[in-house]
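See below for the structure under consideration.
There are 2 protein chains.
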Amino acid sequence: MADINWTAKTAVAPGLSERPAGAADRAGEGHAPISDIIELLFFAYRDFVGDPDEVLSKLGFGRAHHRVLHFVTRNPGMKVADLLDILNITKQSLARVLKQLVDEDYVLQKEGAQDRRQRLLYATPKGEALSRKLDALQTERITRAFAELGPGAHDAARRFLTAMIDADNRDGVLRLIARADRAAKRE
Amino acid sequence: MADINWTAKTAVAPGLSERPAGAADRAGEGHAPISDIIELLFFAYRDFVGDPDEVLSKLGFGRAHHRVLHFVTRNPGMKVADLLDILNITKQSLARVLKQLVDEDYVLQKEGAQDRRQRLLYATPKGEALSRKLDALQTERITRAFAELGPGAHDAARRFLTAMIDADNRDGVLRLIARADRAAKRE
DNA sequence: CAATTTATGTCAGCCATGTTGACATATTTT
DNA sequence: AAAATATGTCAACATGGCTGACATAAATTG
Chain R
1 MADINWTAKT AVAPGLSERP AGAADRAGEG HAPISDIIEL LFFAYRDFVG
51 DPDEVLSKLG FGRAHHRVLH FVTRNPGMKV ADLLDILNIT KQSLARVLKQ
101 LVDEDYVLQK EGAQDRRQRL LYATPKGEAL SRKLDALQTE RITRAFAELG
151 PGAHDAARRF LTAMIDADNR DGVLRLIARA DRAAKRE
Chain W
1 MADINWTAKT AVAPGLSERP AGAADRAGEG HAPISDIIEL LFFAYRDFVG
51 DPDEVLSKLG FGRAHHRVLH FVTRNPGMKV ADLLDILNIT KQSLARVLKQ
101 LVDEDYVLQK EGAQDRRQRL LYATPKGEAL SRKLDALQTE RITRAFAELG
151 PGAHDAARRF LTAMIDADNR DGVLRLIARA DRAAKRE
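From first to last, the protein sequence lines are chains R and W. Heads up, the final residue of the first sequence is numbered 187 in the working numbering, and it's a clean run with no missing numbers. Heads up, the final residue of the second sequence is numbered 187 in the working numbering, and it's a clean run with no missing numbers.
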């Protein structure tokens, strides 16, 4: 990850680059514009997905594999159609990465008990281990952030992120998360 | 955008899909695990970048064009090298989208005054207009979220997102944002 | 001044992951 | 028996990352 050294010894803002940033810049006159959130979200997300990417690339996998593995591990026995809805991609796109995960024994598919057309998805122990490893990297970042920010940060972050989701998707997402949390607790 | 109907009439959690979600699920015994943030971030970011994507595709552009146009508009006169550092991509990747933006008169390049090797980047009026339009979509989502959440939400979100950025990048990012904000205010 | 470094551009090709369209197969539903 | 559903698959294409190699002009340095 390269760092940002936008030193700007240009026509625009010459000599400003050595000024310290931080609270002083935000506390000034007026409130900061909303666009700070646009950019912070870009940078935060970039770093957030960057950690797992390094591990994945060593295995010949990419972000797409991570997403599939994550949701399958969190929701054992989910249908292919459910995964497609969550990821919001076509079945052909999913097929490519899913096939690799199945072939390399990270995920397995079981015929549905009630409906034998279904291929229910489960993470193998190998898959669970990788999923845990990848999630641990992201969890570490989040935990560090919350530790810095003090109590209430988790709740604030959750509410902010929830409010950023399309209104008609929010309930589905919360339901998904709640169910997976309950299932995880029962183990 | 498809919605999520993870109905789960499967072996795992039969019949749970009709339960309402929300506060009740979170307020229960113990605190929710961190993984909710992982998933909320995924869904929030997906929707967040989804809005501009629709507009962009009509113009034959993609997300990459948006990013370039956004940062160039916010930081007029920036060097190509600075943009590369911000986006964290190779110059070859940048060249592809930048060339299109220049060819179609959204961005222009001026020779640097002090250093004539530099090609300083500026958005044209056409480019600024598109940038504003795209940013407006994202701003709308953010503003709606903050309105729902009440006062303090903006600050909480900013602090959370900042804390999620790699520590060694944070100052650079904050500096970048602060400078662009000041420049925008002077206009 | 000559040599080197720097800022940028460019060609060529590869890879990951999205897309559309068409079609196949097994199973369930009507 | 017919239709709908869940899933898989083939083929082709687009976007936007990547690497490696090389080119040019301008600035910097010995």
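Don't be surprised by glycine CBs; every beta carbon is placed ideally from N, CA and C.
Compare the Cα-Cα distances from residue 168/W to each of 43/R, 36/R and 103/R and report the closest residue. Within the second sequence, the letter at position 168 stands for residue 168/W. With distances taken between Cα atoms, residue 168/W lies closest to 43/R.
Chain-ordered neighbours of residue 138/R on chain W, where CB pairs are closer than 8 Å: Numbered from 1 along the first sequence, position 138 holds the residue referred to as residue 138/R. Against residue 138/R, the close residues of chain W are 38, in the order they occur along the chain (beta-carbon pairs closer than 8 Å).
By alpha-carbon positions, which one of 120/R, 76/R and 173/R ends up nearest to residue 112/R? One-based indexing of the first sequence puts residue 112/R at position 112. It is 120/R whose Cα lies nearest to the Cα of residue 112/R.
Under 9 Å Cβ-Cβ, which residues of chain R neighbour residue 47/W? The residue given as residue 47/W occupies position 47 in the second sequence. 164, 165, 166 and 169, listed in chain order.
At the 8 Å Cβ level, is residue 143/W part of the contact set with chain R, yes or no? Against the second sequence, residue 143/W aligns to sequence position 143. Among the CB atoms of chain R, one or more fall inside 8 Å of the CB of residue 143/W.
Hey, could you find the ends of the beta strand (DSSP E) residue 120/W is sitting in? Within the second sequence, residue 120/W is the residue found at index 120, counting from 1. Unbroken beta strand (DSSP E) run through residue 120/W: 119-123.
Find the residues of chain W that neighbour residue 159/R, judging by a C-beta separation of less than 7 Å, and give them in chain order. Here residue 159/R is taken as the residue at index 159 of the first sequence, counted from 1. Per Cβ cutoff of 7 Å: 149.
If you measure between the beta carbons of residue 107/W and residue 123/W, is that distance less than 8 Å? Within the second sequence, residue 107/W is the residue found at index 107, counting from 1. Within the second sequence, residue 123/W is the residue found at index 123, counting from 1. Their beta carbons are under 8 Å apart, which means residue 107/W touches residue 123/W by this criterion.
Hey, quick one: how far does the beta strand (DSSP E) through residue 221/W stretch, first residue to last? For residue 221/W there is no data in the structure shown, the boundaries of chain W being 1 and 187.
Which residues bound the alpha helix (DSSP H) around residue 54/R? Taking the first sequence and counting its residues from 1, one reaches residue 54/R at position 54. First-last of the alpha helix (DSSP H) with residue 54/R: 35-58.
Give me the Cα-Cα distance between residue 59/W and residue 114/R, rounded to the nearest whole angstrom. Indexing the second sequence from 1 puts residue 59/W at position 59. Indexing the first sequence from 1 puts residue 114/R at position 114. Straight-line measurement puts the Cα of residue 114/R at about 47 Å from the Cα of residue 59/W.
For residue 30/R, count the other beta carbons within 10 Å of its own beta carbon; 16 or more makes it buried, fewer makes it exposed. Which is it? The residue given as residue 30/R occupies position 30 in the first sequence. Low local confidence applies: a pLDDT of 44 at residue 30/R is under 50, so the model's placement there is unreliable, with the coordinate-based value given in what follows. Label assigned to residue 30/R: exposed.
Are the C-beta of residue 72/W and some C-beta of chain R separated by less than 8 Å? Stepping through the second sequence from its first residue, residue 72/W is reached at position 72. Taking a beta-carbon distance threshold of 8 Å, residue 72/W does not count as an interface residue toward chain R.
Any C-beta of chain W under 8 Å from that of residue 41/R: In the first sequence, counting from the first residue as 1, residue 41/R sits at position 41. True, the Cβ-Cβ gap to chain W drops below 8 Å.
Between residue 180/R and residue 74/R, which are expected to be in contact by the criterion C-beta below 8 Å, what is the C-beta distance as a whole number of angstroms? What you label residue 180/R is simply residue 180 of the first sequence in a count that begins at 1. What you label residue 74/R is simply residue 74 of the first sequence in a count that begins at 1. Confirmed, Cβ separation roughly 4 Å.
Using beta carbons (cut-off 8 Å, strictly below), is residue 173/R in contact with chain W? Looking up residue 173/R in the first sequence gives position 173. Answer yes: the Cβ-Cβ gap between residue 173/R and chain W drops below 8 Å somewhere.
Ends of the alpha helix (DSSP H) at residue 158/R? Translated into the one-based positions of the first sequence, residue 158/R becomes position 158. That run of the alpha helix (DSSP H) goes 153-164.
Of all the options 35/R, 41/R and 184/R, which has the alpha carbon lying nearest to the alpha carbon of residue 157/R? To locate residue 157/R, count along the first sequence from 1; it is residue 157. Cα-wise, what sits closest to residue 157/R is 41/R.
Answer with yes or no whether the minimum CB distance from residue 103/W to chain R is below 8 Å. Counting from 1 along the second sequence, the entry for residue 103/W is found at position 103. No, because no Cβ of chain R sits closer than 8 Å to the Cβ of residue 103/W.
Thinking C-beta only, is residue 71/R closer than 8 Å to residue 83/R? Working through the first sequence from its first residue, we reach residue 83/R at position 83. Working through the first sequence from its first residue, we reach residue 71/R at position 71. Yes, the pair counts as a contact, with Cβ atoms nearer than the cut-off.
Just the Cα atoms here: how many angstroms apart are residue 145/W and residue 48/W? Locating residue 145/W in the second sequence gives position 145, counting from the first residue. Locating residue 48/W in the second sequence gives position 48, counting from the first residue. Answer to the nearest angstrom: the Cα atoms are 11 Å apart.
List, in chain order, every chain R residue whose beta-carbon is nearer than 7 Å to that of residue 156/W. Walking along the second sequence from the start, residue 156/W turns up at place 156. 156 and 160, listed in chain order.
Would you please verify whether the beta carbon of residue 135/W is less than 8 Å from any beta carbon of chain R? Numbered from its first residue, the second sequence carries residue 135/W at position 135. Chain R contact via Cβ: present.
Neighbour flag for residue 64/R against chain W, beta carbons, 8 Å: Numbered from 1 along the first sequence, position 64 holds the residue referred to as residue 64/R. No, residue 64/R does not count as interfacial toward chain W.
Under 8 Å between the Cβ atoms of residue 163/W and residue 148/R? Start at 1 with the first residue of the second sequence, and residue 163/W comes out as number 163. Start at 1 with the first residue of the first sequence, and residue 148/R comes out as number 148. Cβ distance < 8 Å, so residue 163/W and residue 148/R count as in contact.
Neighbour list for residue 153/R in chain W, Cβ cutoff strictly below 7 Å: Locating residue 153/R in the first sequence gives position 153, counting from the first residue. Near residue 153/R (Cβ distances below 7 Å), the residues of chain W are 160.
Rounded distance between the beta-carbons of residue 137/R and residue 52/R, thought under 8 Å: Reading the first sequence from its first residue, position 52 is the one you call residue 52/R. Reading the first sequence from its first residue, position 137 is the one you call residue 137/R. Indeed they touch by this definition, with Cβ atoms about 6 Å apart.
Say whether chain W places a C-beta atom closer than 8 Å to the C-beta of residue 44/R. Within the first sequence, numbered from 1, the residue matching residue 44/R stands at position 44. Closer than 8 Å: yes.
Pick from 110/W, 109/W, 54/W and 78/W: whose alpha carbon is nearest that of residue 176/W? For this step, residue 176/W is matched to residue 176 along the second sequence. The residue with the shortest Cα to Cα distance from residue 176/W is 78/W.
Do residue 97/R and residue 64/R count as a contact pair if the criterion is CB distance below 8 Å? One-based indexing of the first sequence puts residue 64/R at position 64. One-based indexing of the first sequence puts residue 97/R at position 97. Yes, the Cβ-Cβ distance between residue 64/R and residue 97/R is below 8 Å.
From which residue to which residue does the alpha helix (DSSP H) around residue 73/W run? Numbered from 1 along the second sequence, position 73 holds the residue referred to as residue 73/W. Start and end: 63-74.
Cα-Cα separation, residue 139/R to residue 104/R: In the first sequence, counting from the first residue as 1, residue 139/R sits at position 139. In the first sequence, counting from the first residue as 1, residue 104/R sits at position 104. C-alpha separation (whole angstroms): 25 Å.
So, for residue 37/R: in the same chain, excluding its five sequence neighbours on each side, which residues have a beta-carbon less than 6 Å away from its beta-carbon? Here residue 37/R corresponds to residue number 37 of the first sequence, with the count starting at 1. Excluding residues within five positions, none has a Cβ falling inside 6 Å.
Using 8 Å as the limit for Cβ to Cβ distance, is residue 184/W near chain R? Position 184 of the second sequence holds residue 184/W. Chain R, which has a Cβ nearer than 8 Å to the Cβ of residue 184/W, makes this yes.
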